[in-house]
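Undergrad: Mind having a look at this structure? Questions to follow.
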């Protein structure tokens, strides 16, 4: 359910290392809790995000929730498909529902995130 | 009947849990907010049939020789227009015209009426009607009445096999005599809060389960309060406590068609007559926002740099695929086409005033 090669934040974002970059999304747990996602507000390519600071907003029918960056750095890619297909976040949160790709400024931040086992404990699914 | 948090539970609580419902506290009740998901449930109601347990709604029975005169005194719409077996949507107002509640009144007999009221206003409403009652009995039957809403274009097709009563002869806003549905005593009205054809089925508290089970088995999608809210907002129906309350009048809320002033002296009539004469200063409007950001309750509305109103309800309409909202605006701006801005998380999102409803079902669904 939670890929072993991803790292996880306490705010339920995942970070997947791809060379010097990190792909970011929200976890299955978060997607299920949010219920149907109808809108994802993401930063522009080129903007800076900061470790555990908000970088966007995800809205379900019932509520809006902030997205927190699991690493600091520059946004080099944004999932444009979410603009018209926000339901991808619910359908495939760890894959097609990814949100941004960040060029890390401090790779050591990844060590501060949880591994899959710690995350499963964090959400009580261990 | 009460759960651990002191919240009331409907007679179908166990069915909801077994169907995987996520529940939330609502007006003192622990209610299903969704089963498979709000969007899927919303679509089920627009395209087929959805089933809601709305047993949290209040039912107030008014009976006796003075029942009609009493209701004529407290309701803005005219209950004298109701034949036996008919229903009517109406606000109930204070002397100053502020809305005490909005409700549907069913005429079950010559001297027998049932008011279906909001759960959040049940106790206030009971007291209000009792305080104005003359020569009639006012009883709160909420906790011995279960209420199911079967909504959607396939509603009649799914309900008909469960009863010998011919649903085809029941027009919109009409009420059946006591009938048998799925083996239990029930009253069926052709009413709802979704913008679709559909029925509401009243049974004794403990009798809801056979009806619920049979309809789920027949293919009705269990639906929660989440879809109920998105459906009603697309259909332009108001929610008491958000879109109107004691500080707003029915004329401001766009319910002028429910206010029957001619030759009547109901509570609030004088104030409403005066307001009609002077003209309202603000009116509840539909807004369609650009993009997909959602205007939530309380978001500010601006026009020409000035704060002009607040959003009372907003959502992303799963069927109309637009970000939609309701807001009170000054009458000068309350015209379709007016451009305004809604403040969503510090950003000004362009929006346009739109005629209500946001959604109207096609002629195929007409009855």
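Chains as they are written, first to last, in this note's numbering: chain A, 10 to 135; chain Z, -19 to 347.
Where a beta carbon is used, it is the ideal one built from N, C-alpha and C, also for glycine.
Predicted model only: the values in this text are computed from it and were never measured.
My guess is that residue 15 (chain Z) and residue 202 (chain Z) are in contact by the Cβ rule of under 8 Å, so how many angstroms apart are they, rounded?
TA: Within the second chain, residue 15 (chain Z) is the residue found at index 35, counting from 1. Within the second chain, residue 202 (chain Z) is the residue found at index 222, counting from 1. The Cβ separation is near 5 Å, so the contact holds.
Undergrad: If the cut is a Cβ gap below 9 Å, which residues of chain Z does residue 48 (chain A) touch?
TA: If you number the first chain from 1, residue 48 (chain A) lands on position 39. Chain Z residues near residue 48 (chain A): 271, 272, 273, 274, 296, 303.
Undergrad: Tell me whether residue 100 (chain Z) sits in a helix, a strand or coil according to DSSP, three-state version.
TA: Counting from 1 along the second chain, the entry for residue 100 (chain Z) is found at position 120. Correct three-state label for residue 100 (chain Z): helix.
Undergrad: Alpha carbon to alpha carbon, what distance is there between residue 128 (chain A) and residue 317 (chain Z)?
TA: Locating residue 317 (chain Z) in the second chain gives position 337, where the first residue counts as 1. Locating residue 128 (chain A) in the first chain gives position 119, where the first residue counts as 1. For residue 317 (chain Z) and residue 128 (chain A), the distance between alpha carbons rounds to 50 Å.
Undergrad: How many Å lie between residue 60 (chain A) and residue 121 (chain A) at the Cα?
TA: If you number the first chain from 1, residue 60 (chain A) lands on position 51. If you number the first chain from 1, residue 121 (chain A) lands on position 112. Going from the Cα of residue 60 (chain A) to the Cα of residue 121 (chain A) covers about 10 Å.
Undergrad: Name the residue from Z:29, Z:-1, Z:41 whose alpha carbon lies nearest to the alpha carbon of residue 182 (chain Z).
TA: If you number the second chain from 1, residue 182 (chain Z) lands on position 202. Selected option, being the one with the closest Cα: Z:41.
Undergrad: Would you list, in chain order, the members of the stretch 32 to 47 of chain A that have their beta-carbon closer than 9 Å to a beta-carbon of chain Z?
TA: Flagged, chain order: 44, 45, 47.
Undergrad: Please report the straight-line C-alpha distance between residue 345 (chain Z) and residue 152 (chain Z), rounded to a whole angstrom.
TA: The residue you call residue 345 (chain Z) lines up with position 365 of the second chain. The residue you call residue 152 (chain Z) lines up with position 172 of the second chain. Per-residue confidence for residue 345 (chain Z) stands at a pLDDT of 44, beneath the threshold of 50, marking its modelled position as unreliable; the derived number appears in the next sentence. Roughly 12 Å between the two C-alpha positions.
Undergrad: Please state whether DSSP places residue -1 (chain Z) in a helix, a strand or coil.
TA: On the second chain, position 19 is the one that residue -1 (chain Z) refers to. Looking at residue -1 (chain Z) - three-state DSSP - the assignment turns out to be coil, as it is neither helix nor strand.
Undergrad: In the DSSP output, what is residue 108 (chain A) paired with across the bridge?
TA: On the first chain, residue 108 (chain A) is found 99 positions in, with the first residue counted as 1. BP columns for residue 108 (chain A) are empty, so no partner.
Undergrad: What runs of the beta strand (DSSP E), each 3 residues or longer, lie entirely inside the stretch 151 to 187 of chain Z?
TA: Runs of the beta strand (DSSP E) inside the stretch 151 to 187 of chain Z: 159 to 161, 164 to 169, 178 to 184.
Undergrad: Can you tell me the Cβ-Cβ gap for residue 162 (chain Z) and residue 142 (chain Z), rounded? I've got them flagged as a contact below 8 Å.
TA: Taking the second chain and counting its residues from 1, one reaches residue 162 (chain Z) at position 182. Taking the second chain and counting its residues from 1, one reaches residue 142 (chain Z) at position 162. At roughly 5 Å, the Cβ-Cβ gap stays under 8 Å, so residue 162 (chain Z) and residue 142 (chain Z) are in contact.
Undergrad: Please determine if the stretch 69 to 85 of chain Z and the stretch 23 to 30 of chain Z are in contact, where contact requires at least 3 C-beta pairs separated by less than 8 Å.
TA: In short, these stretches do not touch, since the Cβ pair count stays below three.
Undergrad: Residues in the same chain with beta-carbon distance under 8 Å from residue 64 (chain Z), minus the five sequence neighbours each way, listed in chain order, please.
TA: Counted from its first residue, the second chain places residue 64 (chain Z) at position 84. Taken in chain order, the residues that qualify are 87, 88, 89, 90.
Undergrad: Return the CA-CA distance between residue 76 (chain A) and residue 68 (chain A), expressed in angstroms with no decimal places.
TA: As a position in the first chain, residue 76 (chain A) is number 67, starting the count at 1. As a position in the first chain, residue 68 (chain A) is number 59, starting the count at 1. Whole-angstrom Cα-Cα distance: 10 Å.
Undergrad: Got a sec: is the Cβ-Cβ distance from residue 17 (chain Z) to anything in chain A below 8 Å?
TA: Taking the second chain and counting its residues from 1, the one referred to as residue 17 (chain Z) is at position 37. Yes, residue 17 (chain Z) counts as interfacial toward chain A.
Undergrad: Taking Cβ-Cβ distances shorter than 8 Å, what residues in chain Z pair up with residue 87 (chain A)?
TA: Taking the first chain and counting its residues from 1, one reaches residue 87 (chain A) at position 78. Within chain Z, no residue comes near residue 87 (chain A); the closest Cβ sits about 15 Å away, beyond 8 Å.
Undergrad: Are residue 261 (chain Z) and residue 333 (chain Z) close, meaning C-beta to C-beta below 8 Å?
TA: Taking the second chain and counting its residues from 1, the one referred to as residue 261 (chain Z) is at position 281. Taking the second chain and counting its residues from 1, the one referred to as residue 333 (chain Z) is at position 353. Not closer than 8 Å, so no.
Undergrad: Listing by chain order, which chain A residues have their CB less than 8 Å from the CB of residue 14 (chain Z)?
TA: What you label residue 14 (chain Z) is simply residue 34 of the second chain in a count that begins at 1. What residue 14 (chain Z) touches in chain A: 44.
Undergrad: Going residue by residue through the stretch 26 to 56 of chain Z, where are the continuous alpha helix (DSSP H) segments of at least 4 residues, counting only ones entirely within it?
TA: Fully enclosed alpha helix (DSSP H) runs of 4 or longer: 47 to 54.
Undergrad: Under a Cβ-count criterion, where at least 16 other Cβ atoms within 10 Å of its own Cβ denotes burial, should residue 134 (chain Z) be classed as buried or exposed?
TA: The sequence position of residue 134 (chain Z) within the second chain is 154, counting from 1. Answer is buried; the Cβ neighbour count reaches 16.
Undergrad: Taking 8 Å as the threshold (beta carbon to beta carbon), is residue 70 (chain A) in contact with chain Z?
TA: By one-based count along the first chain, residue 70 (chain A) stands at place 61. Cβ-Cβ to chain Z under 8 Å: yes for residue 70 (chain A).
Undergrad: Using DSSP with H/G/I as helix, E/B as strand and the rest coil, what is residue 20 (chain A)?
TA: The residue given as residue 20 (chain A) occupies position 11 in the first chain. It is coil, neither helix nor strand.
Undergrad: With 7 Å as the C-beta to C-beta threshold (strictly closer), list the residues of the stretch 313 to 343 of chain Z near chain A in chain order.
TA: Result list: 325.
Undergrad: Taking the alpha-carbon positions, what's the residue 3 (chain Z) to residue 337 (chain Z) distance?
TA: Taking the first residue of the second chain as position 1, residue 3 (chain Z) is located at position 23. Taking the first residue of the second chain as position 1, residue 337 (chain Z) is located at position 357. Residue 3 (chain Z) and residue 337 (chain Z): Cα-Cα distance of roughly 29 Å.
Undergrad: Grouping DSSP H, G and I as helix and E and B as strand, with all else coil, what is residue 89 (chain Z)?
TA: Here the question's residue 89 (chain Z) lines up with position 109 in the second chain. Here residue 89 (chain Z) sits in strand by DSSP.
Undergrad: When DSSP labels each residue in this structure, what does residue 345 (chain Z) get in the three-state scheme?
TA: Along the second chain, one-based indexing puts residue 345 (chain Z) at 365. Per-residue confidence for residue 345 (chain Z) stands at a pLDDT of 44, beneath the threshold of 50, marking its modelled position as unreliable; no derived number is given.
Undergrad: Does residue 73 (chain A) come within less than 8 Å of chain Z when only Cβ atoms are used?
TA: The residue you call residue 73 (chain A) lines up with position 64 of the first chain. Answer yes: the Cβ-Cβ gap between residue 73 (chain A) and chain Z drops below 8 Å somewhere.
Undergrad: Between residue 185 (chain Z) and residue -9 (chain Z), is the Cβ-Cβ spacing less than 8 Å?
TA: The residue you call residue 185 (chain Z) lines up with position 205 of the second chain. The residue you call residue -9 (chain Z) lines up with position 11 of the second chain. Yes; because the gap between Cβ atoms is below 8 Å, this pair is in contact.
Undergrad: List the whole-angstrom C-beta distance separating residue 79 (chain A) from residue 16 (chain A), where the pair is believed to meet the contact cut-off of C-beta under 8 Å.
TA: Within the first chain, the letter at position 70 stands for residue 79 (chain A). Within the first chain, the letter at position 7 stands for residue 16 (chain A). Right, their Cβ atoms sit about 7 Å apart.
Undergrad: Does the beta carbon of residue 58 (chain A) come closer than 8 Å to any beta carbon on chain Z?
TA: Along the first chain, one-based indexing puts residue 58 (chain A) at 49. No, no contact with chain Z.
Undergrad: Could you please give the first and the last residue of the uninterrupted beta strand (DSSP E) stretch that includes residue 14 (chain Z)?
TA: Taking the second chain and counting its residues from 1, one reaches residue 14 (chain Z) at position 34. Counting along the chain, the beta strand (DSSP E) containing residue 14 (chain Z) begins and ends at 9 to 14.
Undergrad: Leaving out five residues before and five after residue 71 (chain A) in sequence, what residues of the same chain have Cβ atoms less than 7 Å from its Cβ?
TA: Start at 1 with the first residue of the first chain, and residue 71 (chain A) comes out as number 62. Cβ neighbours of residue 71 (chain A) beyond the five flanking positions: 44.
Undergrad: Let's see if you can read the secondary structure: which residues bound the alpha helix (DSSP H) around residue 37 (chain A)?
TA: In the first chain, the residue the question calls residue 37 (chain A) occupies position 28. Note, residue 37 (chain A): alpha helix (DSSP H), 37 to 43.
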